[in-house]
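Numbering (the numbering used here), first residue to last: 227 to 603.
Beneath this line is the structure, given in structure tokens, with notes to follow.
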Amino acid sequence: MAEESERDVVRGLKDVAAAETRISYVNPSGSLYYVGYNIDDLVGRIYYAEVAYLFMYRRLPNQRELDKFSSDLVAEMRLPNEVVDSIRSTPKSCHPMDVLRTEVSHLGEFDPEGSSMSRNANTRRAIRLIAQVPTIVATLHRSRLDQSVPLPRDDYTFIENFLYMFKGTPPDKDETNVLHRLMILHADHGFNASTFAARVTASTNSDMYSAVTSAIGTLKGPLHGGASEKVMEMLDDIGLEEHVEEYIKGLLDEDKKIMGFGHRVYRAEDPRTKHLRGIVENLCHRQRTMTLYNKCTKIEKIVHDRKSIYPNLDFYAAVAMDALGVPQEFFTPFFCCSRISGWVSHVIEQYEDAVLLRPSSKYIGEFGRPFVPIEQR
């Protein structure tokens, strides 16, 4: 058909603006903005809960508002008993992302707001999801260690409780500060694949749990959130520090992808990289972290000299999470615990936009094929 042959295809929807947003802006020249604030002005100066509040209400909270919001998050961290039992019954062989995807969907069965789609109901629903996704991750980790999960404490902040519930020990101040920064840097990033998936689901007026489940399934892929796991696999596979050059040049000579490098949008260095590099550098008093950091800096120089490309978020994030004692298979779930604040805010924004996201396609198949009855095939 003539109209099909003339239709343009934008592979991967590169540079296609599918909707408008006020939540974040990814500048290809190398900067990232959260509701108008450059992340360089936020990282190290605010808490993760402030970013979550910023996304939802489009402004930073004052101290009274932050205290109330943080208290609400901590109060919502407990999971329904049925969800806890379901987590504990999962096979230890399955990936934590499979469990997280399933249990977020499971939470929808226990939503006290029912089927209400009012703005207030969705705001309360968003707060519960921001609070409970980390609890699912902590519960799964502790259950795989055959250990109990500590209950959230009112005298701990939201992030302190996440660390406490995940590790089972009182949160270390330095590690808490690292996690704040790590989660802020992962909180949102424009219309990335998982956020777009969430918005597509929300555009059908489906519920928030379904939209977030779509996002989690998308983030799981190694070309998206799963890349940090692949970075750590590469770093461990290299072995000794002196093997870095041979290993990386071998991959480059074979034109293979170096995990944690390059970005679909940025033409310059990913603005989050310098913060993560700094986080890892500050943790180099830990022997394993120092070794991994030294490997990373060598890899970064070799790849940039040969390919003129920069590391992305996943490269140093892998080492930062390793330094926090997060097992490799939980890297992507930690990404989810950070990105959930962005996802739910985008879902609410999509509800307000009230437009079904339904792109077209270019058909390249045949027309007019003669039908043959089954007895003649």
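Glycine included, each C-beta is placed from N, C-alpha and C at the ideal position.
This structure is a prediction, so every number in the text was calculated from the model and none was measured.
If the five residues before and after A413 are omitted, its C-beta is found closer than 6 Å to the C-beta atoms of V277, S564, S567 and G568, all from its own chain and listed in chain order.
Judged by their CB atoms, F541 and L477 are not nearer to each other than the 9 Å cut-off. Taken atom to atom, the span from the alpha-carbon of Y536 to that of A453 is near 15 Å. Take D579, set aside five residues on each side of it, and the residues of its chain with a beta-carbon closer than 8 Å to its own are A245, E246 and S429, in chain order. A distance below 6 Å between beta-carbons, with the five flanking residues on each side excluded, links P322 to the following residues of its chain, in chain order: L366, E555, F556 and P559. The beta carbons of L405 and F388 sit closer together than 9 Å. Here DSSP, grouped into helix, strand and coil, assigns N253 to strand. Spanning the alpha carbons of S297 and E467 requires a straight line of approximately 45 Å. Bounds of the alpha helix (DSSP H) holding A453 are A453 to I464. Distance from the CA of G256 to the CA of V426, rounded to the nearest whole angstrom, comes to 27 Å. At the C-beta level, I442 and L326 come within 9 Å of one another.
For F561 and H450, the gap between their C-alpha atoms comes out near 10 Å. Under a 10 Å Cβ-count criterion, C320 is classified as exposed, with fewer than 16 other Cβ atoms of the shown protein chains found around its own Cβ. When the Cα atoms are used, S341 and R351 turn out to be separated by approximately 11 Å. Between L280 and Y260, the C-beta spacing is below 9 Å. Taking the CA atoms as reference points, T402 sits about 7 Å from I385. Along the stretch 358 to 443, the alpha helix (DSSP H) occurs as fully enclosed runs of 4 or more residues at 384 to 393, 399 to 412 and 419 to 429, listed in sequence order.
When secondary structure is reduced to three states using DSSP, Y259 falls in the strand class.
If you check the CB distance, V506 and Y519 come in under 9 Å.
Under the 10 Å beta carbon count, F593 is surrounded by fewer than 16 other beta carbons and is classified as exposed. Under the three-state reduction of DSSP output, P537 falls in the strand class. Shown here, N288 sits in coil according to DSSP, grouped into three states, outside any helix or strand.
For G568, the enclosing alpha helix (DSSP H) stretches over residues F557 to D579. Counting C-beta pairs closer than 8 Å gives three or more between the stretch 346 to 363 and the stretch 297 to 310, which meets the contact rule. Between N418 and Y577, the C-beta spacing is not below 9 Å.
At least 9 Å separates the beta-carbon of V236 from that of V330. Distances from the alpha-carbon of F422 to those of S440, P553 and F597 put S440 closest. Assignment of beta-bridge partners to N264 by DSSP yields Y259.
Taking C-beta atoms under 8 Å as the contact rule, G488 and N538 qualify, at a distance of about 7 Å.
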